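Undergrad: Numbering (the UniProt record's numbering), first residue to last: 1 to 790.
My questions all concern the structure below.
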């Protein structure tokens with residue numbers, strides 16, 4: 001037997017030079033063999049790739065994230081207990097206030113519940129990083145859902161995740177599928193195409209399914225969020241604990257005295273400075289009396305801990321719910337009860353030289369390194385297009401790292417004095433002169449925030465904004481009507497004056513907001529940075545079914561010299577008219593007023609233009625004006641002028657958190673005139689000048705038709721005018737005719753006898769043959785004496 005051996009064949013080596021190589025190189029590849037079959041499909045693919053790149057592209061921003069960031073603020077409702085049980089393996093029967101939970105090695109979240117009160121919705125939207133929006137699938141979208149979404153859009157859109165509940169109430173599978181699709185499409189219209197929408201199938205023993213909650217919690221742990229610029233530049237704190245430090249003897253002597261309170265929470269946004277001004281939405285402005293840093297009540301697991309958290313290491317801190325242990329404070333001594341502040345000793349899971357695996361990993365590589373180098377060169381060539389973007393991002397990151405490293409080597413007390421209390425620290429802020437109603441009427445179901453103000457933001461002045469009536473609000477807005485606005489951290493009431501800017505820069509007053517378009521507005525309120533969004537409502541106490549958001553807009557300018565004007569039409573009448581000039585009176589009341597308006601343009605009803613020349617000595621207020629042409633004495637002369645209006649300086653902070661229980665959601669500010677009339681049953685005053693008056697016009701008497709003689713001769717006989725005998729009417733009254741004696745003069749008597757004799761002869765000649773049989777009888781017509789006279 002002959003053993004078969006493997007024969008190594010000579011590998012093919014293509015020509016690198018020569019005629020054949022040049023011929024192949026010139027031929028190239030067929031471009032139609034490596035492209036799309038359909039142009040429509042190619043266009044779709046190109047658009048999809050461009051959309052993906054555009055969604056990922058962002059303007060480079062400075063990374064202000066601290067080494068230990070504060071907990072992520074997550075706003076939810078009924079789902080809160082299930083998420084807490086998923087993270088901590090504990091059941092909270094009653095959840096009050098914010099609850100901080102550790103969800104991973106480098107992440108914590110603060111869970112907050114939001115009710116249907118519009119004040120709570122406004123405050124929560126300003127601090128929320130992630131919103132879990134629960135939607136009842138059996139009912140559909142409620143009005144409060146749309147209101148909350150539009151509030152979030154005005155104050156900086158957070159990450160929003162929709163959660164469909166009560167799906168078990170829909171029994172039909174076909175209807176369930178259709179409902180899910182309709183709700184998803186409507187949700188995408190309000191947020192963006194592809195927004196995440198979770199489904200919770202049903203509840204068992206008042207708990208959602210574990211698998212559904214686990215999937216939702218897994219998505220929460222990896223979600224990325226981008227806080228708005230306003231929030232990154234302003235410090236704020238979500239209060240998870242509050243204490244009254246007022247002396248008991250002072251309270252006993254006067255229960256309505258101002259209190260001294262301490263507020264606790266994590267610093268968020270930017271650095272908190274000591275003795276700075278803060279604003280508590282729903283209460284007012286305060287000056288920080290003292291601020292101190294405290295140990296973290298819910299710390300992150302240390303780096304030496306295990307890779308995965310065990311049940312004992314999952315921490316929770318909820319002081320208002322009675323969970324999380326009690327801390328030691330310098331103002332009072334408390335007993336340590338364990339809980340989230342008790343930590344077990346943790347050792348290293350990896351020891352020895354296992355950390356040196358990276359040093360020897362290259363010893364086990366097989367193959368040619370050149371291929372990887374070629375791939376890396378190709379990758380660098382592709383990323384060269386984004387070189388400018390990367391360089392800008394690196395510059396900002398280097399500056400951020402420089403700022404962080406400048407204070408890294410300092411002592412904590414020294415560092416706080418220079419840079420303030422940075423985000424992520426758990427602090428205690430002491431406030432003086434706090435209204436006693438805040439302590440007596442404290443309700444942990446409402447969100448309590450402590451928001452820092454930058455220098456100058458505590459001042460009040462004129463604020464110019466661009467505003468638009470919300471398309472779902474059923475009424476237009478009127479100038480000088482009170483509006484409750486949410487601008488920056490504040491909620492306040494002010495009087496809005498609407499205006500529009502003409503092409504010549506004039507700010508003209510508007511009585512009402514225009515339909516379906518923006519307009520400018522001016523009001524007296526707190527100074528806020530430009531491009532800050534705001535919303536406006538007419539009342540926070542209304543519980544109507546209608547859409548409550550009245551308008552939204554953005555801050556344009558903070559200009560005290562802005563002037564708003566309205567039309568003023570002065571009317572005068574000429575009393576002497578010359579060729580191209582006239583004397584006008586009734587427009588002004590004194591010579592001084594005429595002097596102020598010298599050179600002003602005039603216009604008459606007929607459209608003639610004129611100009612005021614000079615005042616006359618008498619009567620007062622009369623002046624001489626010149627016109628384009630001669631005007632009539634009955635013309636009316638107009639002067640179109642602009643009158644500056646006064647902006648009311650009214651500003652009132654919404655203090656709903658100082659009320660008790662249900663009164664917190666029924667805060668009532670200044671009411672409109674229409675509301676006062678409606679409540680008091682009054683009718684508006686009727687001005688006689690504004691009423692329509694009956695127009696009395698004399699009937700028009702047309703002149704008789706006169707046909708010329710030469711035209712009348714050519715007309716047919718049927719169309720010729722028929723002239724009747726004109727009977728002269730006597731101007732003597734009947735009573736005078738009746739009682740006046742007829743006494744004829746001798747000449748009149750002679751004429752009368754002559755006419756009677758002529759009439760008798762005519763009668764005999766004409767009527768004689770008719771009376772031959774009776775010759776003795778003769779009829780003589782009687783003629784009145786007056787006819788004889790005439």
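Idealized CB from N, CA, C, for every residue including glycine.
It should be emphasised that the depicted structure is a prediction, and the values quoted were computed from it without experimental measurement.
Hey, residue 164 and residue 130 are a contact pair by Cβ (cut 8 Å); roughly how many whole angstroms apart?
TA: That belief does not hold up - the Cβ atoms of residue 164 and residue 130 are roughly 17 Å apart, past 8 Å.
Undergrad: Whose C-beta lies closer than 8 Å to the C-beta of residue 28 among residues of the same chain, with five residues either side of it excluded?
TA: Hits under 8 Å: none found.
Undergrad: Apart from the five residues just before and just after residue 147, which ones in its own chain have a Cβ nearer than 8 Å to its Cβ?
TA: Closer than 8 Å at the Cβ level, and outside the excluded window around residue 147, lie 118, 121, 547, 548, 549.
Undergrad: With 16 other CB atoms within 10 Å as the buried threshold, where does residue 796 fall?
TA: No statement about residue 796 is possible, as the shown extent of the chain runs from 1 to 790 and does not include it.
Undergrad: Hey, quick one: how far does the beta strand (DSSP E) through residue 479 stretch, first residue to last?
TA: Segment: none, residue 479 is in no beta strand (DSSP E) and carries neither H nor E.
Undergrad: Spatial neighbours of residue 124 within its chain, please: CB distance less than 8 Å, with the 5 preceding and 5 following residues excluded, ordered by chain position.
TA: Closer than 8 Å at Cβ, skipping near neighbours: 75, 112, 114, 447.
Undergrad: Assign residue 689 to one of three DSSP states: helix, strand, or coil.
TA: The answer is helix: DSSP assigns residue 689 an H, G or I state.
Undergrad: With DSSP run on the structure shown, which of helix, strand or coil describes residue 14?
TA: Coil at residue 14, not helix or strand.
Undergrad: In its own chain, which residues sit with a C-beta less than 6 Å from the C-beta of residue 496, not counting the 5 before and 5 after it?
TA: The residues are 483, 521, 523.
Undergrad: Determine the burial state of residue 410: buried for a count of at least 16 other Cβ atoms within 10 Å of its Cβ, exposed for fewer.
TA: Per the 10 Å Cβ criterion, exposed.
Undergrad: Could you check which residue in 658, 436, 513, 271 has the C-alpha nearest to that of residue 404?
TA: It is 271 whose Cα lies nearest to the Cα of residue 404.
Undergrad: Closest to residue 642 by C-alpha separation, out of 145, 617, 175, 565, would be which residue?
TA: Residue 642 has its Cα closest to that of 565, out of 145, 617, 175, 565.
Undergrad: When the distance is taken between beta carbons, is residue 283 closer than 8 Å to residue 527?
TA: Cβ atoms of residue 527 and residue 283: not closer than 8 Å.
Undergrad: Could you tell me which residues DSSP puts in a beta bridge with residue 523?
TA: According to DSSP, residue 523 bridges with 463.
Undergrad: Can you pull the DSSP bridge partners for residue 603?
TA: Per DSSP, 609, 638.
Undergrad: Should residue 511 go down as buried or exposed, given a rule of 16 or more other Cβ atoms within 10 Å for buried?
TA: Under this definition residue 511 is an exposed residue.
Undergrad: If you draw a straight line from the C-alpha of residue 797 to the C-alpha of residue 476, how long is it?
TA: Coverage of the chain is limited to positions 1 through 790, which leaves residue 797 absent and any answer about it impossible.
Undergrad: Three or more C-beta pairs closer than 8 Å, one from the segment 439 to 459 and one from the segment 233 to 241: is that the case here?
TA: They touch, by the three-pair rule.
Undergrad: Which stretch, first to last residue, makes up the beta strand (DSSP E) that contains residue 516?
TA: Residue 516 -> no beta strand (DSSP E), and no H or E assigned at all.
Undergrad: When you compare the CB positions of residue 559 and residue 650, do they come within less than 8 Å of one another, or not?
TA: No, the pair does not count as a contact, with Cβ atoms beyond the cut-off.
Undergrad: Where do the ends of the beta strand (DSSP E) carrying residue 680 lie?
TA: Taken as a continuous stretch (DSSP letters only), residue 680 belongs to no beta strand (DSSP E), being part of the alpha helix (DSSP H) at 673 to 680.
Undergrad: At the level of alpha carbons, what is the spacing between residue 420 and residue 188?
TA: Cα-Cα distance, rounded: 42 Å.
Undergrad: Can you list, in chain order, the residues of its chain whose CB lies under 6 Å from that of residue 544, leaving out five sequence neighbours each side?
TA: Excluding positions up to five away in sequence, the list is empty.
Undergrad: Go ahead and label residue 175 buried or exposed: buried means 16 or more other beta carbons lie within 10 angstroms of its beta carbon, across all protein chains shown.
TA: Flag for residue 175 reads exposed.
Undergrad: With DSSP run on the structure shown, which of helix, strand or coil describes residue 256?
TA: It is coil, neither helix nor strand.
Undergrad: Which whole-angstrom value describes the C-beta separation of residue 531 and residue 555, a residue pair presumed to lie in contact below a C-beta threshold of 8 Å?
TA: That pair is a contact at about 7 Å.
Undergrad: For residue 199, list the residues DSSP reports as bridge partners.
TA: Bridge partners of residue 199: 164.
Undergrad: With contact counted as at least three CB pairs below 8 Å, one residue from each stretch, are the segment 622 to 631 and the segment 592 to 610 in contact?
TA: Verdict: yes, contact present.
Undergrad: Helix, strand or coil for residue 19, going by three-state DSSP, please let me know.
TA: DSSP places residue 19 in helix when its eight states are reduced to three.
Undergrad: Within a Cβ cutoff of 7 Å, which residues of the same chain sit near residue 82, ignoring the five residues on either side of it in sequence?
TA: Contacts found: 207, 208, 213.
Undergrad: In angstroms, rounded to a whole number, what distance separates the CA positions of residue 683 and residue 677?
TA: The straight-line gap from Cα to Cα measures roughly 6 Å.
Undergrad: Within a Cβ cutoff of 7 Å, which residues of the same chain sit near residue 474, ignoring the five residues on either side of it in sequence?
TA: Correct list, in chain order: 546.
Undergrad: Could you give the residue range of the alpha helix (DSSP H) that holds residue 51?
TA: That run of the alpha helix (DSSP H) goes 39 to 56.
Undergrad: Does the Cβ of residue 345 have 16 or more other Cβ atoms within 10 Å, making it buried, or fewer, making it exposed?
TA: Low confidence applies here, because residue 345 scores a pLDDT of 42, under 50, leaving its location unreliable and the question unanswered by this model.
Undergrad: Quick check on residue 575: buried or exposed, where buried means 16 or more other Cβ atoms within 10 Å of its Cβ?
TA: So residue 575 ends up on the exposed side.
Undergrad: Looking at the unbroken beta strand (DSSP E) that takes in residue 451, where does it start and where does it end?
TA: That run of the beta strand (DSSP E) goes 449 to 452.
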